[in-house]
Each structure stands twice: as C-alpha cells, then as structure tokens.
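Line by line, the protein sequences are chains E and A. Residue 191 in my numbering sits at position 180 of the first sequence; the count goes up by one each step and never skips. Residue 255 in my numbering sits at position 250 of the second sequence; the count goes up by one each step and never skips. Positions of the beta carbon are idealized from the N, C-alpha and C atoms, including for glycine. These notes are about the structure you will find just below.
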Amino acid sequence: MIVAEPKTLDEIKAMTDKFDRILMVGCGTCTTVSLTGGEREVNLMATALRLARKVEGKEIEIGEQTILRQCDFEYIDELKDADSYQAIVSFACGAGIQGLARKFVGKPVLPGVNTQFIGFNEEYGYFTEQCKACGDCILHLTGGICPVARCAKGLLNGPCGGTNNGKCEISKDKDCAWVLIYNQLERLGNLKQFKKIMAPKDFSKAGNIRTMDLRKAGD
Amino acid sequence: MGFKEALANGEFVVTAEVGPPKGTDISGMVHHVKMLKDKVHALNVTDNQSAVMRVSTIAITKVLLDLGVEPIFQMTCRDRNRLGLQSDLLGAAIFGVKNVLALTGDHTMLGDHKEAKPVFDLESVQLLQVINQLNEGYDMAGNELQGKTDFFAGAIITPEANPLEPQFAKFEKKVEAGAKFFQTQAVYDLKKFHSFMGRAGKYDVPILAGILLLKSAGMAKYLNKFVAGISVPDELIQELANTDKPLEKGIEIAGRQIRELRQVCAGVHVMAIGAEDKVPAILEAAGL
C-alpha cells in the first residue's frame, strides 16, 4: 500500500486560514490502512481544527466525507456538495489529492498528508518502505529483497563499505539490505547470482511523467 | 618511478592522501604535498570526503601534477550521474591523471549537506567497468570516443568488514570489473589481515594495506565504536593508554605495522587525517 504521514494541525491550519467553510475528504484505501487519512483521522483533524479556530474567534465549518478511493474518478463522483465549499483538504496520497484537484477545477485542493512510500505495515503504527516503483523489477535476482528501495544508496552489486554488523551506514537501526540479500541467496543456494555483476540501472524507466498504455491500436 | 610501474616491479609501494580544503586557500595542503612529495609513490586525492563539501578532486589532482606528484584520483558516485562521472574522467585524463580509485562514496546523510539529493546512478563495481570502457575508447552508451583514456583503476576493500563474506564477494566482482589495485580500510589486527591476504592474495591484484595513525587511546576507542570495518585490538589501546606521549606511540605503532606488512602485501596506504605532517615520521619509523 501507499503509506502517508499526517500533516500537523499547524500546517493544515495555516493552509486553510483564509477559509471559513471547507470539506475534508478521507480516502478509504491506502491512507485508511496507514492510519493517516481514513474516516477516523479526518474526524480527529476536523475536530482539532474547529477547536483551534474557535479559540481564535474565527470559527470554521468543516464538512467530513470519506470515499473508497480518491485515485479513481468513479468514487470521486460520490462526493456530495463539494462545490459548495471554499476549499477541499484531501487525506489521500498524492495521486488522490490530484484526483480531487482535477475533478474540482477552480477550487483549492490542499494536501492533508505527506505521501511517504509504498510499503508494509510491520506492526501497529510502524511502516517500512519496500518499493520505489522503479519500473524495472529485479526481485527475482535479489532473493525477493529490493536493494533499490531498501539499500540507502540503491546499490546493485553488494554492500558498501559502510555496512556495520549487518546494519546500514546511515542508521544502526536499519538492516543492510545487501547483507539480507546475501543471506537469503545463500539459503536459496544461489550465491552464484550474488556474484554476477549487475549492469547499471535503466533510470529512464523511473523518470518523471511516466505513463502506461495498455490500449491496443485500433481499440 | 610511477605508481603503476612500481607495483608492476614488485616494489613495496607507499601511498598517502591529501584532502582538498573547504575553500580556495590551498596553502596548507600544498605544504603537506611538498612534505610528502619524495616519500610516496602517489597521493590519493579524496572526493568530498565523508560527504563533506570541499574543492573538487579534479582541480586538486591538477595542483599535484603541477607540483610533480602523481595523484590517485578518488572518484565517488555520490555527487555525479553517469554523464558527470564520464566527463570528469575525460577531463582528468586530459590533465594527465593516470590512477583512479573507484568508490561508491559515503551517504550524504553522513556529511555536512544532509538535505542533498544523493545520486548513486552508478556504484563502485559499475564505475570500474565504465573506466575500462573509456580505456577501450567507448563511452557507457557505446559511442566511440575521440581519443581514449589510459587509466589504471583501483578500488577499496574492508578486510575487517562484519560480515566479511558479502564484502569479499564484492571484492571478487571488483576484480572482475577491472580493478588493478586495491587500497584497504585501516587494518590493525595483523593476524587477521594475514588470513585475509591468504584469500585475497589468490587474485592477481596488488593490495595496499591501510595504515591509519592512532593519535590516542580515545581515538582508538572511537574508531572501534563508530567506524565501520575498523577494529583496534585491546593490546594497541593499552600501549597508547600507558604512555604520556600517545602521538609518538601511535607513530611507533604505525611504523612497526608497516615493517611487518612488508612481508604480507604489495604496499601501504598511510592515512593521518588531520596530522599529515606526521606521515614522514611514520615512514621513517617504518624504515622507508
């Protein structure tokens, strides 16, 4: 799933300072699971913002709605009365926020979260990055452990000199992905794979403005 | 005699290093270079060492060449993509740089510009391949060069890495990718280094053992605690702790280790971060 972290109340308060009637929209898929942008989190942020504005003597009316997915126009159509608000705060990932922005042209659509990465929920409230969406998967060569996402330098040919007791140069709390890969390939009886030199990555596949077109000619 | 030729002739080769300064005043560095000039075969020029921004390596290699010192151009993959790496290599070749040490580079998070975007488009193994391709007269994309390079490419290895096996496999990849010499991370436990050489010595590549001057028992403990792949044995820490002149003791230890290493490997790479003026004393203590 896509993992996001909540923006602070101060940030959202600053973004919405000039409005007195806004809509907060939660997303029922990824950010609900990452505990940052579901119905519950939207309600908590809306309540906190209402209180903060009341204390300042600048009351704000906040509508709350959560739809199944904001990255899918079919679900965005389910939003009610969105046009009647001065601005919308989206609690979806960057794609979802832009989905609302595209749908409600002319209305400010503001981010309620910071989108972080594609990853796992390891335990309650703890998430780890697993995939960089690099467009050229090599997990069959690395024992199912991604060095592009999990090595701090995205190396392809083994650990750097900074690895220390199996931990990463940038943090002793983070595993060295290449030590994990080595151990896994050894378990798989495939250290031969480790010893093959991997060519430089084709970063044109990970560039900006990516599209994927499955439409067949003539369709 | 040049660095490459000295290795080929089986001389015991000595290299040291200079760190480009932060700023345009190179007088202190030039002073150290002149002091080391006739005592080493070549001087490594570090590349934004420890991810701390300094004068460009390529400019300092030119300064060394003008001073009549052979540089080893350290090139990391942290700050340049494949276009930048190749064009700097071609530029270095025009200046007359022969030796390149291919490194991945410390992460930007360890340095003084932590907010920087780290590049790592390539890494050490791939950079070695690129250097060899430039030597053949082609760039990475397969385009023919108008005038090729003639680099002598090397790499590094950490003999006391923990765990060693993945590092050793990477060492083998570096040999396969065209590394013609190695310089090591600092070694202190010579027994362990001996057994490392038992394995690494099977490859036909000269290895220069890293000698890092210990300035105090405190420094030794710091290295043990914080620096990857360095392990100073307790006996050495005791030696440093039991004297009121630890720097002199450190020089004596380094000299003694170099003497022992003469039987073990092709040469030494002497590092004296912040105490470059002590390198001549170390070499004297080593009988070199």
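Exposure label - E/His-151; buried when at least 16 CB within 10 Å: Counted from its first residue, the first sequence places residue 151 of chain E at position 140. With fewer than 16 other Cβ atoms within 10 Å, it is exposed.
Cβ-based contacts, 7 Å cut-off: residues of the stretch 232-255 of chain A near chain E: Ala-233, Gly-234
Beta strand (DSSP E) runs contained entirely in the stretch 54-113 of chain E, provided each spans 3 or more residues: 72-78, 98-101
Residues of its chain near A/Thr-248, where Cβ-Cβ distance is below 7 Å and the 5 sequence neighbours each way are ignored: Taking the first residue of the second sequence as position 1, residue 248 of chain A is located at position 243. For A/Thr-248, where only same-chain residues beyond five positions count, the Cβ hits under 7 Å are Lys-254.
Cβ contact check for the stretch 120-140 of chain E and the stretch 60-77 of chain E: 3 or more pairs under 8 Å: no
First and last residue of the uninterrupted beta strand (DSSP E) at E/Pro-122: Counting from 1 along the first sequence, the entry for residue 122 of chain E is found at position 111. Counting along the chain, the beta strand (DSSP E) containing E/Pro-122 begins and ends at 120-122.
Spatial neighbours of A/Met-34 in its chain, beta-carbon cut-off 6 Å, leaving aside the 5 residues before and after: If you number the second sequence from 1, residue 34 of chain A lands on position 29. Here the set comprises Val-23, Pro-26.
Collapsed DSSP secondary structure at E/Arg-161 in the structure displayed: Position 150 of the first sequence, counted from the first residue, corresponds to residue 161 of chain E. Looking at E/Arg-161 - three-state DSSP - the assignment turns out to be helix.
Local conformation of E/Glu-134 per DSSP, three classes: Locating residue 134 of chain E in the first sequence gives position 123, counting from the first residue. Strand at E/Glu-134.
Close beta carbons around E/Cys-171, own chain, < 7 Å, minus the five adjacent residues each side: As a working note, residue 171 of chain E is residue 160 in the first sequence. Closer than 7 Å at the Cβ level, and outside the excluded window around E/Cys-171, lie Lys-164, Glu-180.
Of the listed residues A/Ala-233, A/Ala-158, A/Phe-157, A/Gly-142, nearest to A/Gln-151 (C-alpha basis): If you number the second sequence from 1, residue 151 of chain A lands on position 146. Closest option to A/Gln-151, Cα to Cα, is A/Gly-142.
Supposed close pair E/Thr-77, E/Gly-37 - CB separation, criterion 8 Å: One-based indexing of the first sequence puts residue 77 of chain E at position 66. One-based indexing of the first sequence puts residue 37 of chain E at position 26. Confirmed, about 3 Å.
Which residues DSSP lists as bridging E/Asp-186, in chain order: Here residue 186 of chain E corresponds to residue number 175 of the first sequence, with the count starting at 1. Looking at the DSSP assignment, E/Asp-186 forms a beta bridge with E/Lys-178.
Straight-line Cα distance separating A/Asp-111 from E/Lys-24: Taking the first residue of the first sequence as position 1, residue 24 of chain E is located at position 13. Taking the first residue of the second sequence as position 1, residue 111 of chain A is located at position 106. Going by the C-alpha atoms only, they are around 39 Å apart.
Minimum Cβ-Cβ distance from A/Ser-129 to chain E less than 9 Å: Along the second sequence, read from residue 1 onward, the residue named residue 129 of chain A stands at position 124. Taking Cβ atoms only, chain E reaches closer than 9 Å to A/Ser-129, which makes this a yes.
Any C-beta of chain E under 9 Å from that of A/His-112: On the second sequence, residue 112 of chain A is found 107 positions in, with the first residue counted as 1. Interface residue, yes.
With 16 other Cβ atoms within 10 Å as the buried cut-off, status of A/Phe-231: Counted from its first residue, the second sequence places residue 231 of chain A at position 226. A/Phe-231 should be labelled exposed.
Any chain A beta carbon closer than 9 Å to E/Leu-166: Taking the first sequence and counting its residues from 1, the one referred to as residue 166 of chain E is at position 155. Closer than 9 Å to some Cβ of chain A, the Cβ of E/Leu-166 qualifies, so yes.
Three CB pairs or more closer than 8 Å across the stretch 195-215 of chain A and the stretch 162-182 of chain A: yes
9 Å Cβ cutoff, A/Arg-83 in contact with chain E: Numbered from its first residue, the second sequence carries residue 83 of chain A at position 78. Cβ-Cβ to chain E under 9 Å: yes for A/Arg-83.
Chain E within 9 Å of A/Lys-207, Cβ atoms only: Looking up residue 207 of chain A in the second sequence gives position 202. No, because no Cβ of chain E sits closer than 9 Å to the Cβ of A/Lys-207.
Buried versus exposed call for A/Gln-268 [16 or more other C-beta atoms within 10 Å across all chains shown]: Here residue 268 of chain A corresponds to residue number 263 of the second sequence, with the count starting at 1. Exposed.
A/Gln-172: contacting residues in chain E (beta-carbon distance under 8 Å): The residue given as residue 172 of chain A occupies position 167 in the second sequence. Ordered by position in chain E, the residues that pass the 8 Å Cβ test against A/Gln-172 are Gly-169, Pro-170, Gly-172, Thr-174.
Exposure label - A/His-36; buried when at least 16 CB within 10 Å: On the second sequence, residue 36 of chain A is found 31 positions in, with the first residue counted as 1. When all chains shown are included, A/His-36 counts as exposed.
Interface flag, E/Ile-13 vs chain A, CB-CB below 9 Å: In the first sequence, the residue the question calls residue 13 of chain E occupies position 2. So, not an interface residue.
Touching by the beta-carbon criterion (3+ pairs, under 8 Å), the stretch 221-228 of chain E and the stretch 201-208 of chain E: no
Residue-chain proximity (A/Pro-25, chain E), Cβ-Cβ < 9 Å: Within the second sequence, the letter at position 20 stands for residue 25 of chain A. With 9 Å as the cut-off, A/Pro-25 does not count as an interface residue toward chain E.
Cβ-based neighbour list, E/Val-124, same chain, cut-off 7 Å, excluding 5 preceding and 5 following: As a working note, residue 124 of chain E is residue 113 in the first sequence. So the list reads Ala-15, Glu-16, Pro-17, Lys-18, Thr-42, Thr-47, Gly-48, Phe-102, once near-sequence residues are dropped.
Neighbour-count burial assignment, E/Leu-34, 16 or more Cβ in a 10 Å radius: Indexing the first sequence from 1 puts residue 34 of chain E at position 23. Per the 10 Å Cβ criterion, buried.
Contacts that E/Ala-188 makes with chain A (C-beta to C-beta distance below 7 Å): Taking the first sequence and counting its residues from 1, the one referred to as residue 188 of chain E is at position 177. Within chain A, no residue comes near E/Ala-188; the closest Cβ sits about 11 Å away, beyond 7 Å.
Per DSSP, cross-strand counterpart(s) of A/His-274: Mapped onto the second sequence, residue 274 of chain A falls at position 269. In the DSSP output, where bridge partners are listed per residue, A/His-274 has A/Thr-20, A/Gly-215.
Contacts of A/Glu-230 in chain E (Cβ-Cβ under 9 Å): By 1-based counting over the second sequence, the position of residue 230 of chain A is 225. One detail in the question is off: residue 230 of chain A reads as Lys in this sequence, not Glu. Simply none; closest approach about 10 Å.
Under 9 Å between C-beta atoms of A/Gly-2 and A/Ala-56: As shown, chain A starts at 6 and ends at 293. That puts residue 2 of chain A outside it, with no answer to give.
Proximity of E/Pro-211 and E/Leu-166 at Cβ, strictly below 9 Å: Residue 211 of chain E sits at position 200 when you count from the first residue of the first sequence. Residue 166 of chain E sits at position 155 when you count from the first residue of the first sequence. Not in contact: E/Pro-211 and E/Leu-166 (Cβ atoms no closer than 9 Å).
For E/Gly-218, three-class secondary structure by DSSP: By one-based count along the first sequence, residue 218 of chain E stands at place 207. Note: E/Gly-218 maps to coil in three-state DSSP.
Sequence-distant residues of the same chain with beta carbon closer than 7 Å to A/Glu-149, five excluded per side: Position 144 of the second sequence, counting from 1, holds the residue named residue 149 of chain A. The residues are Gly-142, Tyr-143.
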